[in-house]
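Undergrad: Below are the structure tokens for one structure; questions will follow.
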Amino acid sequence: MKYLLVIAFATCGFAHTIGRSLVEDKIVGGTLASPGQFPYQISERLYGSHFCGGSIINKYTILTAAHCVDGTDPKGLNIVVGSNKLNQGGMWYYVSRYTMHANWNPATVINDIAVIKLIAPIQYTTYVKAIAIDTNFTPGGSPCVLSGWGYTSYPGTTPNDLLYLKAKVVDLNQCRKDLPPSDFPILDSNICAFSSEGIGACSGDSGGPLVSNNKQIGVTSWVFLCAVGVPDVYTRVSYYSSWIEAQAQ
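So the sequence shown is residues -15 to -1, 1 to 234, counted in mature numbering (1 follows the signal peptide of the UniProt record, and there is no 0).
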């Protein structure tokens, strides 16, 4: 599933958004990232074109959203690391396989998490490093940062440069109140974050890392439209930490 509802997935250049196509991945109102600022950030390419984000969790393993890889041929996937620009630089890696959570449900966007295994190990440099995964519950109010190549407006196009935004984690009960009714429940396995109206995730950001205190706390899953003044929804990494660690072996 590459394009989701705008209440929507943030994948394939989209992040899930309800109301139109489910997925829209982008960063609206983001700031230009400096070289090496997000060394764990990767670009997922399908037959050469960026469609989702992800993160390095070890030399052979990438963490992303299930909706990013669902239905794709691993032979058509590449992972690009080490460059903030989509059109130049970076190191390309071939994909061996991917594993989606066994209970991934595209109809409700529950268990929207997957790992990608690479054929060859990633070579770490100043600009390429793994991110630690969070194993503890991150409470509302915690500062966090999202990075990605999602659209900068909706509808729009994928930017060439990596962008980021600063936000704060939103309490789940508050998140449920802030978001319009939809078929996508907000569960304990989710984490929500909000910056301000006009700033948020969008198409192309899907699968990308939400980070707090140098640990990944979320995987970009879906948004209600893009940057319209309500929280964005992520898969909570700590909820799946045991599953992630098992898949990363």
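Ideal Cβ positions, reconstructed from N, Cα and C, are used throughout, including at glycine.
Measuring alpha carbon to alpha carbon, tell me which of Lys153, Leu172, Ile98, Phe122 ends up nearest Pro128.
TA: Numbered from 1 along the sequence shown, position 143 holds the residue referred to as residue 128. Checked all of Lys153, Leu172, Ile98, Phe122; the closest Cα to Pro128 is Lys153.
Undergrad: Whose C-beta lies closer than 8 Å to the C-beta of Ser226 among residues of the same chain, with five residues either side of it excluded?
TA: Locating residue 226 in the sequence shown gives position 241, counting from the first residue. Contacts found: Ile118, Asp119, Thr120.
Undergrad: Give the DSSP-derived three-state secondary structure of residue 241 in the structure shown.
TA: Since the displayed the chain opens at -15 and closes at 234, residue 241 lies outside it and no answer follows.
Undergrad: Take every Cβ of the stretch 18 to 30, pair it with every Cβ of the stretch 64 to 78, and state whether three or more of those distances are shorter than 8 Å.
TA: Result yes; three or more Cβ-Cβ pairs closer than 8 Å.
Undergrad: What distance in whole Å lies between the Cβ atoms of Ala99 and Thr46, which are believed to be in contact at a cut-off of 8 Å?
TA: By 1-based counting over the sequence shown, the position of residue 46 is 61. By 1-based counting over the sequence shown, the position of residue 99 is 114. The Cβ separation is near 11 Å, so there is no contact.
Undergrad: Hey, could you find the ends of the alpha helix (DSSP H) Lys162 is sitting in?
TA: Walking along the sequence shown from the start, residue 162 turns up at place 177. 157 to 163 is the extent of the alpha helix (DSSP H) around Lys162.
Undergrad: Considering only residues of the same chain and omitting the five flanking positions on each side of Val218, which have a CB-CB separation below 6 Å?
TA: Against the sequence shown, residue 218 aligns to sequence position 233. Result list for Val218: Asn175, Cys177, Ser206, Trp207, in chain order.
Undergrad: If you count every other CB in all the chains shown that lies within 10 Å of the CB of Tyr78, and 16 or more means buried, which is it?
TA: On the sequence shown, position 93 is the one that residue 78 refers to. With 16 or more other Cβ atoms within 10 Å, it is buried.
Undergrad: What's the call for Asp10, buried or exposed, on a 16-neighbour Cβ count within 10 Å?
TA: Your numbering for residue 10 matches position 25 in the sequence shown. At Asp10, the pLDDT of 41 sits below 50, so the modelled position is not reliable and the matter cannot be decided from this model.
Undergrad: Compare the beta carbon distance of Gly133 and Val155 with 9 Å and say whether it is the shorter of the two.
TA: The residue you call residue 133 lines up with position 148 of the sequence shown. The residue you call residue 155 lines up with position 170 of the sequence shown. Not in contact: Gly133 and Val155 (Cβ atoms no closer than 9 Å).
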